[in-house]
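Participant: In the working numbering, the protein residues as written are 81 to 160. Cβ atoms here follow ideal geometry from the backbone N, Cα and C, with glycine treated the same way.
1) Out of 101, 96, 150, 117, which one is the CA nearest neighbour of residue 139?
2) What first and last residue would you give for the alpha helix (DSSP H) that runs through residue 144?
3) In the DSSP assignment, the alpha helix (DSSP H) including residue 120 goes from what residue to what residue?
4) In the structure shown, what three-state DSSP assignment does residue 134 receive?
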């Protein structure tokens, strides 16, 4: 397991990331930043730009594209 970069803020230096953690949503809601997450996702995408084996792009998803579209839609809906 990898150490979480938020570990010192969450549970102290001994915190270990657990992918199946039931606390993850609460942790991200409190300490996460959607803009940082999108920026990091875009950076990860650049690591795989020249590769065509999409199923092996790990870690890398394109969910950030959906989130960006939803953010735009949210702004447009708030204008109405």
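Facilitator: Put simply:
1) When each option's Cα is compared against that of residue 139, the closest is 117.
2) 143-159
3) 114-126
4) helix
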